[in-house]
Each structure stands twice: as structure tokens, then as C-alpha cells.
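Sequence order for the protein chains is A and B. For what it's worth, numbering that gives the first Met the number 0 labels the leading residue of the first sequence as 0, then goes sequentially. For what it's worth, numbering that gives the first Met the number 0 labels the leading residue of the second sequence as 0, then goes sequentially. Right, one structure below, let's go through it.
Number of protein chains: 2
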Amino acid sequence: MSVSTGTRGETVPTAPPGNPAVDTADVAALLERGRALSTPVLRAAVDRLAPPMNTVAAYHFGWIDAHGRPADGDGGKAVRPALALISAEAAGAAPEVGVPGAVAVELVHNFSLLHDDLMDGDEQRRHRDTVWKVHGPAQAILVGDALFALANELLLEIGTVEAGRATRRLTTATRKLIDGQAQDISYEHRERVTVEECLEMEGNKTGALLACAVSIGAVLGGADDRTADKLEEYGYHLGLAFQAIDDLLGIWGDPVATGKQTWSDLRQRKKSLPVVAALAAGGPASERLGELLAADAKSIDFDSFSEEEFATRAALIEEAGGREWTSQEARRQHAVAIEALHEVDLPARVRAQLTALADFVVVRKR
Amino acid sequence: MSVSTGTRGETVPTAPPGNPAVDTADVAALLERGRALSTPVLRAAVDRLAPPMNTVAAYHFGWIDAHGRPADGDGGKAVRPALALISAEAAGAAPEVGVPGAVAVELVHNFSLLHDDLMDGDEQRRHRDTVWKVHGPAQAILVGDALFALANELLLEIGTVEAGRATRRLTTATRKLIDGQAQDISYEHRERVTVEECLEMEGNKTGALLACAVSIGAVLGGADDRTADKLEEYGYHLGLAFQAIDDLLGIWGDPVATGKQTWSDLRQRKKSLPVVAALAAGGPASERLGELLAADAKSIDFDSFSEEEFATRAALIEEAGGREWTSQEARRQHAVAIEALHEVDLPARVRAQLTALADFVVVRKR
Chain A
0 MSVSTGTRGE TVPTAPPGNP AVDTADVAAL LERGRALSTP VLRAAVDRLA PPMNTVAAYH
60 FGWIDAHGRP ADGDGGKAVR PALALISAEA AGAAPEVGVP GAVAVELVHN FSLLHDDLMD
120 GDEQRRHRDT VWKVHGPAQA ILVGDALFAL ANELLLEIGT VEAGRATRRL TTATRKLIDG
180 QAQDISYEHR ERVTVEECLE MEGNKTGALL ACAVSIGAVL GGADDRTADK LEEYGYHLGL
240 AFQAIDDLLG IWGDPVATGK QTWSDLRQRK KSLPVVAALA AGGPASERLG ELLAADAKSI
300 DFDSFSEEEF ATRAALIEEA GGREWTSQEA RRQHAVAIEA LHEVDLPARV RAQLTALADF
360 VVVRKR
Chain B
0 MSVSTGTRGE TVPTAPPGNP AVDTADVAAL LERGRALSTP VLRAAVDRLA PPMNTVAAYH
60 FGWIDAHGRP ADGDGGKAVR PALALISAEA AGAAPEVGVP GAVAVELVHN FSLLHDDLMD
120 GDEQRRHRDT VWKVHGPAQA ILVGDALFAL ANELLLEIGT VEAGRATRRL TTATRKLIDG
180 QAQDISYEHR ERVTVEECLE MEGNKTGALL ACAVSIGAVL GGADDRTADK LEEYGYHLGL
240 AFQAIDDLLG IWGDPVATGK QTWSDLRQRK KSLPVVAALA AGGPASERLG ELLAADAKSI
300 DFDSFSEEEF ATRAALIEEA GGREWTSQEA RRQHAVAIEA LHEVDLPARV RAQLTALADF
360 VVVRKR
């Protein structure tokens with residue numbers, strides 16, 4: 000999928016054959032609309048930052064390279080801005096009404112990426128060195144803080160009661176995001192994590208902000224709390240479906256498509272859903288996997304493990320049922336998300352768009 | 000001055016002799032009221048944080064020690080909470096109306112301390128090891144983020160238009176705080192910083208949040224924007240006076256009173272007001288100081304400098320007029336702060352309290 004920043008893309012990818020459930024062209028157009036309407040506002044917001052924070056942020060968003068030269072980097076899938084615009088339409092407002100919400104959610108999302116990459120020591124994101132690697136830890140902290148503040152500023156300067164309500168929802172989501180990162184860090188030091196704990200953590204890290212993206216446009220458009228809550232319910236479960244797929248791609252994804260290394264999550268010893276589900280399943284493969292991972296946690300040679308060693312672990316996860324369980328979990332969460340939409344009165348076109356985006360999330364390859 | 004947390008103090012220090020301009024007993028009572036009313040709400044807010052963030056935050060605030068045992072640590076001078084409560088009274092409201100504002104400002108202040116200590120590599124704060132030293136950098140980042148989010152949450156859950164306006168002012172102040180820290184970091188790498196640049200940085204780092212403390216209670220109490228702006232003007236210049244005194248104490252302060260090392264700011268190579276003013280003054284002492292500091296910046300022995308070597312630098316700063324200029328600057332900013340109060344209609348008692356606090360700020364020894 001091509002990514003354009005700042006301009007409306009004229010071309011969209013054509014639908015791949017053999018996948019009639021998702022109208023890929025529609026989804027691509029929705030993602031592109033989200034990008035086209037929100038990116039100029041996002042860039043103007045980042046331009047408010049004092050130097051060198053504006054430059055560091057521009058590097059993070061992929062607008063310039065490490066030497067300050069213009070770049071056309073990968074700004075991510077932009078699912079959240081697309082959702083925030085549809086969200087405004089869910090309340091009967093124009094998609095443009097959702098733009099400050101879309102940008103605020105993107106700012107919070109990227110604040111968390113900047114800080115998480117530093118805390119986790121991750122050196123690569125979107126095929127490039129992370130901010131703390133290029134500009135140092137202090138700038139990663141500072142620019143993250145600035146993006147978080149900017150998100151609130153952008154919403155609150157609208158000055159309406161609705162903007163206050165939207166900011167409150169964004170703040171709640173941000174607190175959950177932080178809770179999720181705290182859980183993620185604490186789980187790294189534990190030998191066992193239950194499936195429930197993993198789902199709670201992923202709900203906080205991914206579900207809460209996606210939920211906010213789906214309600215924020217509607218709130219800005221004047222929707223009542225019940226409608227906003229139901230939209231958030233859809234978004235929360237969509238987030239869990241999204242994360243389940245991410246966890247599958249983190250082990251079995253195609254490196255060319257994802258931009259990550261092979262066995263990426265295994266290399267990072269991530270206790271993602273397939274791993275946790277496989278460990279909980281019991282049986283010979285599950286037990287063998289448990290022994291291997293316990294030994295890996297203490298191994299000083301882990302960093303020099305071969306492809307084959309990771310392949311062995313991935314095969315055990317699959318044999319113990321972790322891959323199939325996670326795949327089913329993505330479908331379960333997808334179904335719960337769609338179900339939530341039935342409990343709220345929505346324009347037919349909005350319902351179709353939210354359904355198409357949910358379908359996209361569970362079939363995506365990157 | 001004794002510090003109590005969570006309970007109203009019955010005793011206040013008596014006024015020192017020879018200082019008729021400031022009614023120390025009154026100021027101590029105002030500071031104590033700010034602490035007594037805001038600390039329980041602050042503690043309840045911190046209790047909302049998921050483990051281990053609640054524990055890490057409690058350590059930072061001095062409520063527990065590094066082993067989790069209850070402590071009665073130094074929570075700081077608590078000038079901001081005192082101001083936020085008087086601010087509510089400035090709008091004719093009860094001091095209690097300012098409490099969420101007082102707590103929100105304290106949360107933002109401590110968010111910035113957590114992140115700044117990590118960015119600056121500072122190992123001690125309020126006579127104790129800093130959070131990143133005790134709990135690691137990830138917790139310092141995470142808990143800082145959580146306190147920032149909590150500040151907005153606390154205000155926005157009030158749900159009124161006034162709360163939205165208060166949050167907007169707090170957000171603006173937070174952005175300035177972050178700008179100031181960015182400037183502070185960038186100045187460290189520069190040989191020369193002008194007096195104007197130093198004042199701008201200190202206005203951002205100290206003035207903006209103090210200004211917000213003085214307006215936030217009034218805004219929550221229904222004050223109009225003009226009144227809030229004038230109160231902020233007083234607070235901003237009070238912040239600059241406060242920082243000028245801080246810069247003096249950072250070089251010539253009594254270590255027993257300040258809790259800092261002798262020549263604290265010189266050891267940290269801080270380009271504080273007395274240094275910058277001395278370098279700008281010209282003349283033999285100024286030039287000699289410039290040569291020494293330029294050599295210090297490259298010296299690999301700097302960390303093992305003797306008391307005498309710092310004393311030489313302090314004497315040159317004084318000889319070049321940096322100490323006297325900064326002392327006058329504190330008085331200038333104090334006068335501008337008081338001047339701003341004349342342009343707004345305030346209850347006589349509120350005006351007297353704000354004047355007493357301004358006087359306290361410029362005569363304090365810690």
C-alpha cells in the first residue's frame with residue numbers, strides 16, 4: 000500500500016483476488032482520506048514545537064531523514080485517523096469535524112511510541128532507527144511529552160463543551176495506554192503470564208486508544224455518551240482483534256511486508272498471545288516450549304540464536320495450538336466489535352465503513 | 000520550616016527578627032493550608048495509578064522510602080498549592096474550589112521533575128535519590144507520563160466549562176515547561192547564552208507553571224479571562240523572582256538550608272542568571288571568568304575540582320557583578336509582579352496574601 004503525506008492520493012490499490020468479504024478499494028480510500036485530511040493539521044501542530052523538538056518530531060513521523068533532508072517515510076497504516084473521521088460521520092457531522100480528534104489521537108499514539116521505544120530499547124521502527132537512537136534519550140522523552148501536551152492543546156483550543164468531553168475521553172485512554180505499558184514491562188520480568196493478563200494488557204495498550212479514535216469524532220460532532228460508549232466498545236474489541244493479528248505477524252509475518260525481522264517478537268522474548276496461549280494449553284509441545292523459553296530467559300547466547308532455533312520455538316507454539324487460538328481470538332474480537340455496532344443507531348454508510356475497516360484489520364498482512 | 004503531609008499543622012514557625020516586610024507566620028499558615036487541603040486529594044489521585052506506578056510515585060513524593068516503608072519526606076515548599084487556593088478566593092470562591100487546580104499543578108510540576116532528573120542525570124532531589132536512580136529510567140518515564148495524564152483527568156472529570164478552560168491553561172503552561180527544558184538542554188552545549196535567553200528559559204521553566212497556579216483556582220471559581228490573565232502576569236514575574244533567588248541559592252546558598260551541595264549550580268556547570276550576567280558584564284573579572292569556564296567545559300578533571308576552585312569562580316561571578324545583578328533582578332521581577340495586582344479588582348485580603356507570598360519568595364533562604 001502506498002503512503003502519501005499531505006496530499007490526497009489519486010490512486011488506491013485494487014482489491015486482491017479471492018477475498019470477497021472485504022472491499023479493499025473502499026478501505027484504502029478511507030485510510031487515504033484519513034491521512035489526507037489529518038496530515039496537514041498534524042504537520043502544522045508539530046510546527047508549533049520549539050527547535051529542536053520540531054525537527055525531532057518530523058524525523059519520527061518520517062517527514063525528514065536523520066540529516067534533516069525531506070523524506071517520504073512510512074507514517075504507519077493510519078487506521079486511527081480514518082476511524083476518527085468516520086466517527087464524526089457516525090454523529091451525522093462532516094468528516095472534517097473529526098480532524099482535530101484524529102490528530103490528537105495520532106499525537107498520543109506517537110507520544111507512546113517515542114517513550115515505549117526508549118523504555119523497551121527498541122532500535123528500529125517503520126524501517127528506520129528510532130528517535131532515541133538518532134537524537135538521544137533526552138529528546139525522545141522531551142518530544143514525547145510535547146506531543147502529549149500538543150494533543151490536549153489542539154482539542155481544548157476548540158473551546159466547546161464537546162471538546163472538553165473529547166479531551167476527557169482521550170485522557171482516560173492515555174492513562175490506560177500507560178497502564179498497559181507498565182503491565183508489559185512488569186510481564187517481561189515474570190516467567191508466566193496468563194492469557195487473561197495478556198488480553199488485559201493488550202486492551203490497555205491497543206484497545207483503549209483505538210476505542211477513543213472511534214468515539215472522538217462523534218463526541219466532537221455532538222453525540223451523546225451512550226453512542227460514544229458503544230462506538231468505543233466496537234473500537235476496543237477492534238483493537239484487540241488488531242493486536243491479535245499483530246501478534247501473529249510478529250512471529251509468522253512476512254518480513255518484506257511487515258518491515259520487521261523474521262521471528263521479531265520471539266527475538267524480543269515478547270509474551271504475546273500465541274506464546275501465552277501455547278504455554279497455557281498443556282500437552283507435550285506446550286511443556287517443551289515452556290522448558291525452552293525458561294532456559295532462553297537465562298541464556299547468555301540468546302542474541303546469537305540461529306534462524307533454526309527461532310523456527311523450532313515457532314513450530315512448538317503452533318503445535319501447542321497458540322497460532323490457531325490467536326487466529327480464532329482475532330475472529331472472536333472482530334465479531335464482538337461488529338455486535339456492538341448493532342446496539343447503536345448509525346447511518347447505513349457509516350456502519351458499512353466500520354464493518355469494512357474491521358474486516359481489513361483481521362485480513363491485513365502488515 | 001516543618002513539613003506535614005495529610006494533616007493540618009497546628010504550629011507555624013515564628014517570624015524571624017529584623018524582617019518586618021514579611022509576615023512569616025501568615026505565609027507559613029498559607030503554605031500549610033495549601034498542603035493540608037491538597038495533599039489528601041493528591042494522595043488519592045496517585046492511588047489511582049496501577050502498580051508499581053503508585054509505589055514509584057509515592058516514593059517520589061516522599062510518602063514512602065526506597066524499601067516501601069512509610070516516610071515523612073520533604074514534599075517541597077508547596078508554594079504552588081498555596082497560590083492555587085488563594086487564586087480561588089481571588090474569584091470570590093471558597094479556597095476548596097482551587098483544590099483540583101492545586102493538585103493538577105502539583106502533578107504537572109512533579110511530572111517535569113521526574114523527566115528532567117532523568118534527562119539531566121540528576122541523582123539527588125529533596126535530600127533523596129531520584130526515581131530513576133532507585134526504580135530505573137523506565138519507571139521515571141512511565142510515572143512522569145502517568146502524573147501528567149492524571150493532572151488532566153482530575154480537572155476534566157469536574158465536567159464544567161470552567162474546568163475545560165482551566166485544563167487549557169494548564170496545557171499551555173505544560174508546553175512552555177517543556178519548551179524551557181528543551182532550551183535548558185540546548186544551552187548546555189553552547190559556550191555563551193545571553194541574559195535574555197536565560198530569562199526566557201527561566202520564564203518557561205518556572206514562570207509559566209507558577210502563573211498557572213495563580214490563575215487556575217480563579218478560573219475554576221468562574222473568573223473571566225482578563226482577571227485570569229492579570230493573575231498569571233503576577234505569577235509569571237513571581238516565578239522569575241523565585242528563579243533568580245534559586246539561582247543565587249544555587250551558588251551562595253547554605254547547604255544545610257537548601258539540602259544541596261556547596262556551589263551546587265557551579266558543579267553542574269549551570270548557565271544560571273548570576274553566571275550569564277557576569278559573563279555579559281565585561282571587564283577583567285568577567286573576562287577571567289569566561290576563560291576559566293571555557294577551560295572547565297573541556298576539562299577532564301572537572302569532577303575532582305576542590306572547594307577552592309569553585310570558590311574562585313563564585314568570587315569572580317560576584318566581582319563581575321553577577322550576584323548583585325541577579326539580586327536586583329529578583330527585586331525588579333517582584334515589583335512587576337506586585338504591579339500586575341494593581342490592575343485587577345481583588346478582595347483586600349487576597350491582595351495582602353499574594354503580596355506576602357511574593358515577599359516570602361524573595362527573602363527565603365531555601
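For each residue, glycine too, the CB sits at the ideal point set by N, CA and C.
Coarse secondary structure for residue i, derived from DSSP in three states
i                 : result
Arg124 of chain B : strand
Leu239 of chain A : helix
Pro50 of chain A  : coil
His333 of chain A : helix
Leu345 of chain B : coil
Glu190 of chain B : coil
Gln182 of chain B : helix
Ser326 of chain B : helix
Glu307 of chain A : helix
Gln267 of chain A : coil
Lys76 of chain A  : coil
Asp302 of chain A : helix
Thr159 of chain A : coil
Gly258 of chain B : coil
Arg225 of chain A : helix
Thr129 of chain B : coil
Gly91 of chain A  : coil
Ala319 of chain A : coil
Arg365 of chain B : coil
Gly202 of chain B : helix
Cutoff 6 Å; reference residue i; Cβ partners in own chain excluding five residues on either side
i                 : result
Ala147 of chain A : What sits at residue 147 of chain A in the sequence shown is Phe, not Ala. Excluding positions up to five away in sequence, the list reads Phe110.
Ala373 of chain A : What the structure shows of chain A is the stretch from 0 to 365, and residue 373 of chain A is not part of that stretch, so it cannot be assessed.
Ala240 of chain B : Ala329, Gln332, His333, Val360, Val361
Identified DSSP bridge partners for residue i
i                : result
Pro69 of chain A : A:Ile63
Same chain, Cβ closer than 8 Å to residue i, five either side skipped, listed in chain order
i                 : result
Ala313 of chain B : Ile250, Trp251, Trp262, Leu265
Reference residue i; option with closest CA among the options
i                 : options                                : result
Gly143 of chain A : A:Glu318, A:Val133, A:Asp115           : A:Asp115
Asn151 of chain A : A:Thr129, A:Ala137, A:Val104           : A:Val104
Ile337 of chain A : A:Ser326, A:Leu345, A:Gln327, A:Ala357 : A:Ala357
Trp131 of chain B : B:Ala65, B:Leu239, B:Glu328, B:Leu41   : B:Ala65
Asp302 of chain A : A:Arg268, A:Ala162, A:Leu248           : A:Arg268
Glu317 of chain A : A:Leu272, A:Ala351, A:Arg348, A:Leu340 : A:Leu272
Phe60 of chain A  : A:Asp22, A:Val102, A:Leu84             : A:Val102
Gln138 of chain B : B:Ile244, B:Ala243, B:Ala49, B:Ala347  : B:Ala49
Ala165 of chain A : A:Leu113, A:Leu315, A:Leu208, A:Ala339 : A:Leu208
Ala170 of chain A : B:Val96, B:Leu154, B:Ala172            : Position check: residue 170 of chain A holds Thr in this sequence, whereas Ala was assumed. For the residues B:Val96, B:Leu154, B:Ala172, the minimum Cα distance to Thr170 of chain A belongs to B:Leu154.
Gly320 of chain A : A:Trp62, A:Leu288, A:Val98             : A:Leu288
Val274 of chain B : B:Lys297, B:Pro254, B:Ala243, B:Lys259 : B:Ala243
For residue j and residue i, the rounded distance between their alpha carbons
i                 : j                 : result
Arg174 of chain A : Tyr58 of chain B  : 20 Å
Arg127 of chain B : Leu106 of chain B : 19 Å
Ile299 of chain A : Leu291 of chain A : 14 Å
Ala256 of chain A : Ser285 of chain A : 29 Å
His134 of chain B : Ile177 of chain B : 23 Å
Thr38 of chain A  : Ala24 of chain B  : 56 Å
Leu36 of chain B  : Gly216 of chain B : 13 Å
Asp344 of chain B : Ala90 of chain B  : 9 Å
Ala83 of chain B  : Ala339 of chain A : 43 Å
Arg363 of chain B : Ile85 of chain A  : 57 Å
Arg322 of chain A : Ala210 of chain A : 25 Å
Asn53 of chain A  : Ala145 of chain B : 23 Å
Ala310 of chain B : Glu156 of chain A : 50 Å
Arg42 of chain A  : Met200 of chain A : 31 Å
Arg372 of chain B : Ser305 of chain B : Because chain B spans 0 through 365 in this model, residue 372 of chain B falls outside it and cannot be assessed.
Gly258 of chain B : Asp228 of chain A : 50 Å
Glu307 of chain A : Leu315 of chain A : 12 Å
Ile140 of chain A : Leu112 of chain A : 11 Å
Gln182 of chain B : Thr226 of chain B : 30 Å
Val192 of chain A : Gly202 of chain A : 15 Å
Ala162 of chain A : Gly281 of chain B : 53 Å
Distance cut-off 6 Å: residue i Cβ against heavy atoms of the ligand PLP
i                 : result
Glu231 of chain A : Inclusion of the ligand PLP in the displayed structure is not the case, the ligand content being empty and no account of it being possible.
Cβ-based neighbour list, residue i, same chain, cut-off 7 Å, excluding 5 preceding and 5 following
i                 : result
Tyr233 of chain A : Val213, Ala336, Ala339, Leu340, Leu353
Ala56 of chain A  : Val45, Leu48, Val142, Leu146
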